[in-house]
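Protein chains in written order, with my numbering: chain A, 41 to 329; chain B, 1150 to 1686; chain C, 155 to 424; chain D, 283 to 496. C-beta: ideal position from N, C-alpha, C; glycine also. Since the model is a prediction, treat every value here as computed from it, not as a measurement. What follows is one structure encoded as C-alpha cells, with my remarks underneath.
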Amino acid sequence: MNFFSKLMQLDRRWVYLLLVIVCLSAYYADFTVPTIVENETKAIYDFIEALEPGEIIFVAVDYDPSSQAELHPMTYALVEHAFRKDLKVIFTALSQNGPGMVDQALRDLTDSLKLPKTYNGIFYEGKEIVNGVDYTFLGYKPYYAIVITAMGQDYRILFPSDYYGTPLDSIPMMKRVHNYDDISLLVDISSGSITDAWISYGQGKFDFPLALGLTGVMTAQYYPFLQSKQIMGLMGGLLGAAQYEHLADNPGLAKDGMRVQLPAHLLIILFIIIGNVGYLVTRYRERKI
Amino acid sequence: MRSYLEKMKASRVLLLVLVCSLLLVSFSTSLLAQTDSDTDTPADSIPAIAAPAQVTDLKAFDTDNDHGHSITIEWTLSADDGAGAKSVISYEIMRWEPFVRDSVMAARDSLGWVQARINKFEKEIPLAEESLDEVLTGQPFLDSLSFLVAYDEKDTSFVLTSEYVDKTLRDTIAAMKRDLPVLKVRAPLLPARFDSLLILLPKEYGKYPDATIGRFDSVGTAVSGVTSHENSSAVDSRSPGFIPDFIDYYYRIDVQTSDPNIRTTSEIVGPVQSSGQWFNSGLVPVLIAILVFTILTMIFVQLAKKGMDLYVRPLAGIEAVDEAIGRATEMGRPILYVLGLGSAADIATIASFTILGRVAKKVAEYQTELNVPCYDPIVMAVAQEVVKSAFIDAGRPEAYKDDIVHFITNSQFAYVGAVNGIIMRDLPATNVYMGKFFAESLILAETGAVAGSIQIAGTDEIPQIPFFFVACDYTLIGEELFAASAYLGREPELLGSLKAQDYAKAVLLASAIIGILLINIFPEYGETFKSWFEVID
Amino acid sequence: MKRQLPLILVFVFGTLMVIQYFVPHENSETVKGFLLDWIVIIGIFALALGLWSLVQVSVAKINSRKENWEYPLVTLASLVMMMFFGFTAITEGASLWSYFLAITVFLIALWMFLQGFMGQAANRNMKLLSGLGLLIVFSLLAIFDSSWEFKFYTAEGLTNQMFVHFFDYIMIPLQATMFALLAFFITSASYRAFRARNLLATLLLIAALIVMLRFTPGPWGEYLAKTSAWVMNVPNLAAQRAIVIGIGLGIVATALKVILGIERGYMGKG
Amino acid sequence: METVSIWIAAILTLGIFSFLYKDNPLYKACEALFVGVSAAYWAIVFYFDNIYKKFYEGAVTAEEPDYFLWIGAILGLLFLTRLIPNIGWVSRWPMALIVGATAGLWMVGYFVSNAMNQIGNTISNIIVRDAATGFIAWGETFGTLVILVGVLSGLVYFFFSKEHKGVFGATAKVGTWFLMVTFGASFGYTVMSRMSLLIGRVDFLLGDWLHILR
C-alpha cells in the first residue's frame, strides 16, 4: 500500500480532527484574513470617504434578527465609518422587527465611538454621538412601497416625528432636510423584497445614489442592477461586510466570522485537491501495470 | 328743527365715523394677524402645492374569479402624476360608509374584545369588568344600540337591546366569580347576530347619498403610478374591515399630495356589489391541460393493458434496489428504509409508499430484515399497512411484525439522531431514502457511508438533491422519484401512465419552443401565448 | 368493501379537491378548510398511535435485555417527565422539591408497573402492588400538595419553568449541535466525493470549486465571485427550472394515478 | 441553576459531537434523551394547539360549536381501530380521505406553479437590449441562450420512455451537464452557512460555557 492509496482511504476522522483544529486555531491564532476587496464594495466605501463632514446619508435597515448574523456587521462597519467621518445618518426600519436592530446597533455604536481610534493611519478622537444631531431614527411604518414614495416628497408626511416621538421639525439635523434631494447616499441593508421597492419606487423615481447590502443568498440576483447603474455599490453577505471592514480598517464581526470561514473553506478545497491528486496518481499507476 | 336735524346729522356722522373706524381697525388687525401667521411658519416647511388634477375614467366592479367580498377599482392617472406638477404621492380610495355600519361594527368589535377577555382567564375578571364598563358606556356602542332599538320597533323579531347585552355580560362575569360553568352562560351573546345586522341595517338606515347618515371613508391607498386597487376583505365576517356581499358600495378616489390638506376628489362611482364566482375563468388553460393529461393517461393505460410494448430507459437507482436487497440477504444485514420528513399529505411521501411496498415485498421474499423508522405518525400508520400487505402478497404474513415500521419522534434532528444511531448500530447493508428531506439529508447519507451501506436516495426537495447526489451511491433526481414505482412494479398500467407523462412533457417542451419562436418573431402573438401559461394560482 | 370503499373515497375526495381548485366561491373554500381541519384532527389521534408505537418498541427493547437495552429507559423517562411538565403548573414562588418528589414517585410507580407486566412471573404481583401503592401516594401528592397542580385546559404547562428549561437547555443545544454536525459532514463528503472520475464528476467538482473559491484571497477572487454569480444565475437557474417542471409533472401524474386508482401501493396493493 | 443548565447543555453538545469519533454511550444517552424530550414536547404542543384550541374550543365549548369538527374526531377514532385486530381495516377510510384529498389538493396547484408558470417564464426574448442605448447586450443575450438550452436539454433528460440515443441522447447529455453544474454550485454555496452553525456551537462551548473566548 503506497502513500497515495493510503491517502485515498484516509479515515474521515482525520478530516474531522483537522477541521476542529483549523476552527479552534482560527479562534485563537493571531492573524488577519487577507481580504480581496471587490469593486462593488469599494465603490460604497469610496463614496462615503469622499463625502464632506455634515453631509447626510440614509441607512435603511430592512432585516430582522433571523439574518442579523450576516447583515449586522455591514450596518456596524458602514455606520461607524460614517460617524467617524462626521457624517449625519438618517435611519429607517421598514421590516417589522427592524427597529430593534437599529436600536441595538445604535447602542453598540454609541459605546464604541466613545473610544479614540486610528483608522488607516488617521487618528480619530472619541466622541459622543447624539440623537438628533448626529443621527435621526425615523422608525417603522407599514406598506414600504408607499413609505418609500412618500419620503421622496417629504419625510414628514409619514414620519411627522421620529421613532422616539420628537417632532421632526424640532430635530436640529432635520432642519431644512426634506426628502431624498437632501441626502448624499442611500444604503439599503436588507434581507428581503424591500430592496426591489427601493430600486423601483425609490431610485427609479427620485434618482438618488443607492447602495445595497444584502444576504449572501440574494447577492447574485442583484448584479444586473449594477450593470444598469441603478445601484452604485453592492455588499454581499459576510464577505461584503468583511471587505468593508477591511477598507475602513475596522475589523469587527464580519472579519471574525471570515477568520473561521476562510480557513474552513480552504481546508475543504485542500481536501478536494488531495483527494483528486491521490485519485489521479493511483489511476495512472494502475494503468501502467 | 333744522338745528335738531343738524344735531342729528352731526351725531349720525359721528356714529358712522365711529363704526367705520372700528370696522377698519378690526379688519386691518385681522389682516395683520393673517400676515403675522404667514410669517410665523418656518421658512423650511413644505412648499405650497397646487391642487392636482383629479383622476378620470373611474370604474368600480366586482372582482372577477374570486371568493367575493372584493371590489376592484380602476382609474386613469391624474394628469399631475409623474407629469405636469408632479405633485401626486398617492391615491386614497374612499368608500361611502353609512354611519350605522360603523357603529354596528364598533359595537361588535368591542363586545368581541370583552368576550375574549372573559374567555381567557379567571384572574382577569376585574379586567373584564373594567373593559365591559368601557364598552357599554362608549359612544359607538351607544350609537349602535339606539339604531338597534329603532330597528327593533319596526321588526320585533330582532331582540338585542342594551339591557340585554349588559345583563348577559354581567351574568357571565358573576358566574365566573362563583366558579359556575361559564362556558354555557355566555352562549346567548352571539357576535354572529351583528353580522346579519351589518347587511340589513345599512339598507334601511344608510341610504346613499344622504350626508346626514353617512360619509366617505378611506379604505386603502395606492402609490402614485398605480391605476387599480382591490378593496377586499377576508371571508370571515369577524375579520377587520369585513365587506359583506350583495351590498351597494360607492367609491371615489382622492389624489393626495405631500400636503395632507391639498387633495383632489374624483367623481363618485356606484352602486356596485361584490359576489363570489363559481368558476375561475382565468384557469381555463389549466383545466384544458389537466383534462388532456387525464385523457392521455387513460388512453395509455388502456393501450398498455392491451399489451402495447412500452419501453422505459434504464434508471440506475432503481436497478440498484434489487441488487441491494440481494446483497443485504447475502450479508445477513437489515435494510433501512427512510420515508423522510414529509407528511402523508405530500405526494413525494405517497410515491415513497409505493416504492416501500415493492421493497417490502422483495424483502419478504428474500427473508431479509427491514427497518422503517418514521417521523410522522400518520405516515407510520400508512407504512405499516403497506408493509403488512406486501408481506401478505409475498406469502409470508407470519414474518410481519408491527415494530418493523415504528415511530420515533416528530422533531427533525432528534429523528436524525435516532436514525444515525440505528445506522451505526445495526449496520444496514442498504439504506433507502425516499420522500421529502431537508437539512438532514447529508447527515444521514454521510453516516450511512461511514457504516459502509449501499445508499439509494430520491427526493423532490431540490436544495437537498446535490447532497444526496454527492454522498449516496444512487440518486433519483426529482421526477425520477415519481417514476420509480412504475419501474419497480413493471405493471402495464403504471408504465402506461409514465408514457402519458412523457407525452405531457413533450407538449410542454413544444409549447416552450413555439412560445420562444413566437415571442421573438411575432412579439404580439408571443405575449398572448405566454399569458396562457402565466396563470395566477 | 374492505378494498373497494377506500378507493372510492380516494376518488371522491380527490376529485372534490380538484374541482375545488377551479371554484373561487367561498363555499368551496369552506369545504377545503374542513377537509384540512379533519386531516389535522386525524393527525392528533395518529400522534397517540405514534407515541404508543414509541413506547411499545422501547419496552420491547428493555425487555429483550439485548445490547443497549438501557437507553430506551432514558427515552421513556424523559418522555414521561416532559409530558408531566407540560401538563402541570408550578405555583409561583413554591419550592421545587415536592414537585421533584412527585415526579420521582410517578416514575418509580411506572417502572414497577413495567416490570410487573413485562418481567418474570416470580414477583409480578409484588411489583404490581408496590406500583399501585406508589401511584396512590402520587395521587395524594397531586391532590394535597399546593405547590403544583395539573392543568389540562389551560396551556400554563408551556410556560412551566421546568418545561422551558428542558426546551432551552436540552432540546435547543441538542438540535443545534445535531445541525452543526453538517459542517463536518459537508467536509468529509466533499473530500470523498468530489473526484474527477469522468466528465460529469469533473463538472460537479469545478462548479463547487468556483463557488467555494469565490472569496479566497488572490487575484482570482473577484473574477471567481463574478463567475459564481453567473453560475448561480444562468446554468443553475436553467437546470433548477428543468427539475421543477419535471417534479411538477411527476406530482400531477402521481396524484392522477392515485385518484384514478391506478396506483394503490400506498394502501398495500393486493 | 443557570450554571448547572449550561453545563448540561455543554455536555449534551459534546455528546453529540462525540458521534463523529464513533458511536459511544454518551451519544446513545443523548440520543435517547433527545427522542424522549422532543416527542413529549411536540405531543404537548399539538395537544394545546390542536386538541384543545382547535377541537375542544371549536367544537365543544364554542358559542356556535363547529359540528363538522366532530366528523374529524370520528375519523380520528376510526384511525385508532388499527389497534384492534379484527376491524383494523376500518382505519383505511381516514387514510383514504387524507391521501385522496391531498392528491387532489396538490395536483392542480403543482401543475400551475411548477409546470405552467415555469414554461411561461421560459418563454422570453432571447435578444436582450441595453435599456439605455438600445444596442444588443451580448453578455446577457448569451445568458438567456444558455438558460434556454439548459431548460430544454434538462427536460429532455427527464424523458423516460425514449432511449437516450442519437440527437436525443446528446441533448439529454447536455442536460446532465447542467444538472452537474447546479449540484456542484449549490453544494459549494451551502458550505458557508453550515460552517456558521459550527461557529455558533463553538461560540457556545468556548464562550458561554468555558468563558475562554478571546
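| query | result |
| --- | --- |
| Cutoff 8 Å: A:L306 Cβ touching any chain C Cβ | yes |
| Contact check, C:M272 vs D:A467, beta carbons under 8 Å | no |
| Alpha-carbon to alpha-carbon, B:A1255 and B:F1307 | With a pLDDT of 44 at B:F1307, under the threshold of 50, the modelled position of that residue is not reliable, and no figure is offered here. |
| First and last residue of the uninterrupted beta strand (DSSP E) at B:H1378 | S1377 to S1381 |
| Opening and closing residue of the alpha helix (DSSP H) in which D:C312 lies | P307 to F328 |
| Under 7 Å (Cβ pairs) to chain D, residues found in the stretch 323-334 of chain C | Y323, I324, M325, P327, L328, A330, T331, M332, F333 and A334 |
| A:V55: contacting residues in chain F (beta-carbon distance under 7 Å) | Absent from the structure is chain F; the protein chains it does hold are A, B, C and D. |
| Where B:T1608 falls, given that 16 or more other Cβ within 10 Å makes a residue buried | buried |
| Three-way DSSP call (helix, strand, coil) for A:S201 in this model | strand |
| Buried versus exposed, by CB contacts within 10 Å (16 or more), B:Q1183 | Legend: pLDDT at B:Q1183 = 45, less than 50; position of this residue unreliable, value from coordinates given subsequently. Under this definition B:Q1183 is an exposed residue. |
| Segment contact flag, the stretch 158-169 of chain C with the stretch 1466-1486 of chain B, C-beta cutoff 8 Å, min 3 pairs | no |
| Beta strand (DSSP E) runs wholly inside the stretch 113-195 of chain A, at least 3 long, in chain order | 128-132, 157-159, 162-164 and 175-177 |
| Exposure label - B:I1668; buried when at least 16 CB within 10 Å | buried |
| As assigned by DSSP and simplified to three states, the class of A:D247 | coil |
| Rounded separation between B:S1367 and C:F298 - CA only | 60 Å |
| CB contact check: D:S478 to chain A, cutoff 8 Å | yes |
| C-beta neighbour in chain C for A:N316, strict 8 Å | yes |
| Residues that D:M474 contacts on chain A, provided the C-beta gap is smaller than 7 Å | G256 and Q301 |
| C:V398 versus C:G197 - alpha carbon distance | 29 Å |
| Chain B contacts made by the stretch 175-188 of chain C, where a contact means CB separation under 9 Å | Y175, F176, V177, P178, H179, E180, N181, S182, E183 and T184 |
| Residues sharing a beta bridge with B:D1208, DSSP | A small fix is needed here, since residue 1208 of chain B is Lys in this sequence, not Asp. According to DSSP, B:K1208 bridges with B:E1223. |
| Reference B:T1624, options B:A1200, B:F1678, B:D1471 and B:A1606, closest by Cα | B:A1606 |
| Interface partners of A:Y159 on chain D, CB under 7 Å | Result: empty, since nearest Cβ-Cβ is about 22 Å, beyond 7 Å. |
| Residues within the stretch 1608-1622 of chain B neighbouring chain D, beta-carbon criterion of under 9 Å | I1611, P1612, I1614, P1615, F1616, F1618 and V1619 |
| Residues that D:V319 contacts on chain C, provided the C-beta gap is smaller than 7 Å | S232, M236, F320, I324 and M325 |
| CB contact below 8 Å: B:V1599 versus chain A | yes |
| Start and end residues, alpha helix (DSSP H) containing B:M1243 | Careful: B:M1243 lies outside any alpha helix (DSSP H), inside the beta strand (DSSP E) at S1239 to P1247. |
| Chain D within 8 Å of A:Y103, Cβ atoms only | no |
| Contacts of A:A294 in chain D (Cβ-Cβ under 8 Å) | Those do not exist, as A:A294 stays about 12 Å from chain D at its closest Cβ, beyond 8 Å. |
| Where B:I1670 falls, given that 16 or more other Cβ within 10 Å makes a residue buried | exposed |
| Nearest-angstrom Cα separation, counted from C:R351 out to C:F176 | 50 Å |
| Chain A contact residues for B:S1373, given Cβ-Cβ distances below 7 Å | T189 |
| C:P178 and B:D1215 closer than 8 Å at C-beta | yes |
| Range of the contiguous beta strand (DSSP E) that encloses A:S230 | L225 to S230 |
| Test: D:G297 CB closer than 8 Å to a CB of chain B | no |
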